[in-house]
Structure formats: structure tokens, C-alpha cells
Amino acid sequence: MMYFALGLLMSPFILHDIWCLDCPSTYAQTNFILKHHVLSSTTVKNYQECYGKCASTTDCHSMNFYDRSQRCELNKGSHLSNPVDLVYNEEGTYSVHDSRSVATCSDKYCGTDTICVVNNQLNNNFECKECALAFGMGVNSSKIPNSAITASSSHGSAHESWRGRLNNYPVTRPYSAGCWAAGDNTVGQYLQVDLGHVVYVTMVATQGRSHDSLEQYVTKYSLAYKSTDSSFVDYEMANTVKVFQANTDKTSIVTHRLPEKIKTRYIRFVVREWYGHISMRAEVYGCQIPA
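Those letters in the sequence shown? Residues -20 to -1, 1 to 271, by mature numbering (1 follows the signal peptide of the UniProt record, and there is no 0).
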């Protein structure tokens, strides 16, 4: 695992690295501001007063100070959790509040198969942690019990939800279709997995129905998720439901790494489009949440 100090972290989207020498924050940059996260805006005498206002505001994690207009913006987020929102501004100075614990950091700071995890015990440092292990929905491990795999409907016996495991195959006696098949072909049918407790999900994979003559598979799906007591919400990117391109045949495995991890216990593969009949085998990947 790799550890990084927030005070030394530079966003991959920053074009300049001119430091503010008179700022009390250990991370401050002139000519940059954080957009889309402003809690409040007011006029102040100087930067130090702006920093003081952030210190007295519980939800303030960073601030934008505009030297010419003496305007102070308090932000509810930071460059660590929202790197794409740190943008160039000729008048502005962006800085973080050192004593505020950071809750999340963006996976954009880490490489493939790793996630960004904040470690507040190390002065708000973060680590890139490996997070791409199969949770056991597939038949290769089957750690997830049959009772934890449910669906909106099933096409009778031998097509139940729990048969929708990656790399599952048909059996003649007793007969099994070797996949989940929906009761009818309608948009919104879903295959759901209970992962047992709240975890990070970083990747998903799907297959169609393995059959000598039938061509049945899902071609597009979205994801929905929830924690123990919450309601299901759609997985979105840029405030739009993310639709995944799924299978183009019945046997190939199509894998998608999620641009940002999901913190969840329950996850649904929600069908958008299909070929032949809604049929699916799936696996979910990720890791446990560090204590």
C-alpha cells in the first residue's frame, strides 16, 4: 500500500503549482479555486479572516479567497474528494483547513485495481489500497450463499436468481439452466446480491446464458445500490445514470471497472436492453472497508 500526505498532494488536473507563502494552511495554491462546493460567501478583510471563518464553521473543509474583491467562499468539499473541481482562477487562492478530518478521497488519485482510502490516524493522509477481489458470487468460489442472490422475477424453476453466478453452466439431471432468467422481458428487471455487510465495490462482470442453441443475454444494464437501512439509488456519473455496455454473446465475460467505488451492502444489475431473453450470470468485485 502506498501512503500520501495531503499537504504534498498535487491534483493530476493542476496546471500550475504556485504556493501561497503567507497562508496558514499546509496546502494552499494561488490562482486556483474549488467550484461547485460553496457553503457560504462573504466579504472579509484578508485571507487570515477567511481561514478563521472556515475554522468556526463545522462543515467547512476548504476555502476560496479572492484577493481583489476580498471575497471568502467556504467549501464543504476539498480537492482530495473532488479533484476535477479544482480549477484555474486568476484572482483566487484555494486552501484546505488543516484540522478538519477528510471523509473521502477520489479514486482518480490511484491506479488500476486500487482505491483511495483516507487514513485520519496519519494526519489525513490517504492510501491507495488494492480492491479488486471477487466477493464469491461466481461458481469458482460461491462464497455468497444462494439465499443472498435474489431477483425481480424468475422464469420458473431451474432459472432462479441464485443460478446467476459467473461461469455457471447448464445441468441435465436435475435440470438447471445455469443462469438467472427473468420471468418476462421488461426494462427494470434486476438481479440483486446481498454482500453480507457494507463493503467497497469496484468492479462487476456479466455473462449471458450458456446454451447450445439459445442466444440469450443482457446487452445493457445499470447499477443500483443501498446500505443496510437506506433506499436503493442509481450509480451515476456527472449526475446521469451510468449505463454499462454488457454482453454481445452468451459466453464471453464482460468486465467493467467502476470510475468511482461504491460503498454498499446490496447491489442490483438493472436490465436496460437484452437479446433473445433476459438471462444473466454475474460477479461482483471489491474489498472490505478498512477499520
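Even glycine gets a Cβ: it sits at the ideal position worked out from N, Cα and C.
Residue 85 carries a coil assignment under DSSP once its states are collapsed to helix, strand and coil. The continuous beta strand (DSSP E) containing residue 266 extends over residues 259 to 267. Sorting 144, 143, 132, 159 by C-alpha distance to the C-alpha of residue 167 places 132 at the top. By the beta-carbon neighbour count (other beta carbons within 10 angstroms, threshold 16), residue 28 is exposed. Following the DSSP letters along the chain, one finds residue 32 inside the alpha helix (DSSP H) bounded by residues 27 to 35. As DSSP reads the structure, residue 221 sits in a beta bridge with 216.
In this structure, residue 141 places its C-beta atom within 8 Å of the C-beta atom of residue 129.
By the 16-neighbour rule on beta-carbons within 10 angstroms, residue 155 is exposed. Spanning the alpha carbons of residue 92 and residue 266 requires a straight line of approximately 12 Å. By the neighbour-count definition (other C-beta atoms within 10 Å, threshold 16), residue 263 is a buried residue.
Bounds of any beta strand (DSSP E) do not take in residue 151, whose DSSP letter is neither H nor E. DSSP lists 260 as the bridge partner or partners of residue 160. Contact between the stretch 56 to 63 and the stretch 193 to 209 is absent: fewer than 3 CB-CB pairs across the two stretches fall below 8 Å. Of the candidates 251, 231, 67, the residue whose Cα lies closest to the Cα of residue 162 is 251. The Cβ-Cβ distance between residue 216 and residue 255 does not fall below 8 Å.
Counting along the chain, residue 238 sits inside the beta strand (DSSP E) bounded by residues 234 to 255.
The beta carbon of residue 158 sits closer than 6 Å to the beta carbons of 148, 149, 150, 190 from its chain, once the five residues preceding and following it are set aside; these are given in chain order. With 16 or more neighbouring CB atoms inside 10 Å of its own CB, residue 143 falls in the buried class. Taking the Cα positions, residue 197 is about 14 Å away from residue 145. In its chain, beyond the 5 residues on either side, 265, 266, 267 have a beta carbon closer than 8 Å to the beta carbon of residue 113. For residue 177, the enclosing beta strand (DSSP E) begins and ends at 170 to 187.
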